[in-house]
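K.L.:
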Amino acid sequence: MPAPRGRRAVHLGLACWLLGTPLMSWLGTTAHAAAPAPAVSRDEGRVMDRVVAVIEGQVLTQSELEMEARVALIQRGAVQVAALPLDEQTLQGALELSINQRLQVLSADRLQAFPAEPAEVEARLDAFRTRLGGEEGLRRFLARHDVDREALLAVLARGLRAERILDSRVRLKAQVSEAEVRHHYDEHRDVYPGEFDQAARTAIREQLVRARYGELAAQALAEVRKSAQVRRVAPFAREARR
């Protein structure tokens, strides 16, 4: 039976959001065909998990990927959406985000760079807890996904570090000059019918910086992924590369 219209829209929106963020921009991924996803069991008597991908020797399982996708949603305020089932398109987007974050952090680890300060990670946990409605909501989230607080902190810390690493590489390069702002204004007078005042300059500058930041982020991530060893295992993971 087809998914309800609203749910299809939710899943499509999530996938587009994941694929549209700078961390999801990617080119030239090193991907290798693999056999059907093997099952892995963490503890006897527990539900079997499945390997989605192997990233520089690190195994990413389906349950980890789904939990990380929901964390990303909740951080953006989509708490109710995060409780819905995740379709393959959404998982594909979440996988690309996860691969990018892991590769950036692994590269930084080799240089012992961009550590996540405990206070910063705790601040992200506080914000996450607040979005879930408090400590009880956080406990329910952890129980639902069968993870402990330390595992969640690790996900939040990795996301924080990945953002900082990427920002350090592109933020200064993404800045635009006053001449570029004026040129854009002159070329798009139909969009900016008013005067070339401070409000117009600010809006144009923000627009140009966002666009340039996205382009530079895509290039930076492509460079990181150029020589990375990423083996996509799950069928939907291999489909995402086609």
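Numbered according to mature numbering (1 follows the signal peptide of the UniProt record, and there is no 0), the sequence shown spans residues -33 to -1, 1 to 209.
The beta-carbon is built from N, C-alpha and C at its ideal position, and this holds for glycine as well.
Since the structure is predicted, the reported quantities are computational estimates derived from the model, not experimental observations.
1) Run through DSSP, which three-state label would Gln25 get?
2) Give me the Cα-Cα distance between Arg149 and Arg168, rounded to the nearest whole angstrom.
3) Could you tell me if Gln142 is buried or exposed, where buried requires 16 or more neighbouring beta carbons within 10 angstroms of its beta carbon?
4) Relative to the C-alpha of Gly100, which residue among Ala75, Ala129, Glu31, Val46 is closest?
5) Using the C-alpha atoms, what's the distance from Tyr180 back to Pro160?
6) In angstroms with no decimal places, state the Cα-to-Cα distance between Ala187 and Leu139.
7) Relative to the C-alpha of Leu120, which candidate in Arg111, Ala86, Ala146 has its C-alpha closest?
8) For the stretch 54 to 62 against the stretch 19 to 39, are there 3 or more C-beta pairs whose distance is under 8 Å?
9) Between the Cα of Leu175 and the Cα atoms of Tyr152, Arg69, Glu162, Gln196, which residue gives the shortest distance?
10) Just verifying my parser: in three-state terms, what is the DSSP assignment at residue 210?
11) Using the DSSP secondary-structure output, state which residues sit across from Val122 in a beta bridge.
12) Unbroken alpha helix (DSSP H) runs of length 4 or more, entirely within the stretch 92 to 173: which are they?
13) Quick one, are the C-beta atoms of Gln71 and Val197 less than 8 Å apart?
14) Reducing DSSP to helix, strand and coil, say where Arg18 ends up.
15) Around the C-beta of Ser135, are 16 or more other C-beta atoms found within 10 angstroms, so that it is buried, or is it exposed?
16) State the Cα-Cα distance for the pair Ile66 and Phe163, rounded to the nearest angstrom.
17) Apart from the five residues on each side of it in sequence, which residues of its chain come closer than 8 Å, Cβ to Cβ, to Asp115?
18) Going by Cα to Cα distance, which pick from Gln42, Arg131, Ser144 is closest to Leu94?
19) Should Val158 go down as buried or exposed, given a rule of 16 or more other Cβ atoms within 10 Å for buried?
20) Report buried or exposed for Gly44, applying the criterion of at least 16 other Cβ atoms within 10 angstroms of its Cβ.
21) Measuring straight from C-alpha to C-alpha, what distance separates Ala195 and Glu23?
22) How long is the line joining the alpha carbons of Val19 and Glu31, rounded to whole angstroms?
P.N.:
According to the data block:
1) strand
2) 8 Å
3) exposed
4) Val46
5) 26 Å
6) 13 Å
7) Ala86
8) yes
9) Tyr152
10) As shown, the chain starts at -33 and ends at 209. That puts residue 210 outside it, with no answer to give.
11) According to DSSP, which records beta bridges pairwise, Val122 is partnered with nothing at all.
12) 102 to 111, 116 to 137, 145 to 154
13) no
14) Before going on, a small fix: residue 18 reads as Val here, not Arg. Correct three-state label for Val18: strand.
15) exposed
16) 42 Å
17) Leu109
18) Correcting the residue identity first, residue 94 is Ala in this sequence and not Leu. It is Gln42 whose Cα lies nearest to the Cα of Ala94.
19) exposed
20) exposed
21) 7 Å
22) 9 Å
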